[in-house]
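A.B. asks:
Numbering (the numbering used here), first residue to last: 1 to 47.
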């Protein structure tokens, strides 16, 4: 239910949350965690 609520909202941070979900689906959770460890906040770049 919570994830569906994110998909229904507009705004930059919700776009980044959707991007994170898409990244996990495409690359796996382990790769996502490696990238997210370098972030300073709840979201950042996927490079």
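Don't be surprised by glycine CBs; every beta carbon is placed ideally from N, CA and C.
Measure the alpha-carbon distance for residue 4 versus residue 46 and round it to whole angstroms.
C.D. replies: Residue 4 sits at position 4 when you count from the first residue of the chain shown. Residue 46 sits at position 46 when you count from the first residue of the chain shown. Cα to Cα, the separation comes out at about 22 Å.
A.B. asks: Whole-angstrom Cβ separation of residue 16 and residue 43, contact assumed at under 8 Å?
C.D. replies: The residue you call residue 16 lines up with position 16 of the chain shown. The residue you call residue 43 lines up with position 43 of the chain shown. Confirmed, Cβ separation roughly 4 Å.
A.B. asks: Near residue 24, what residues of its chain come up, given a Cβ to Cβ distance below 6 Å and the 5 sequence neighbours on each side ignored?
C.D. replies: To locate residue 24, count along the chain shown from 1; it is residue 24. For residue 24, where only same-chain residues beyond five positions count, the Cβ hits under 6 Å are 32.
A.B. asks: Where does residue 46 sit, in a helix, a strand or coil, going by DSSP?
C.D. replies: By one-based count along the chain shown, residue 46 stands at place 46. DSSP places residue 46 in coil when its eight states are reduced to three.
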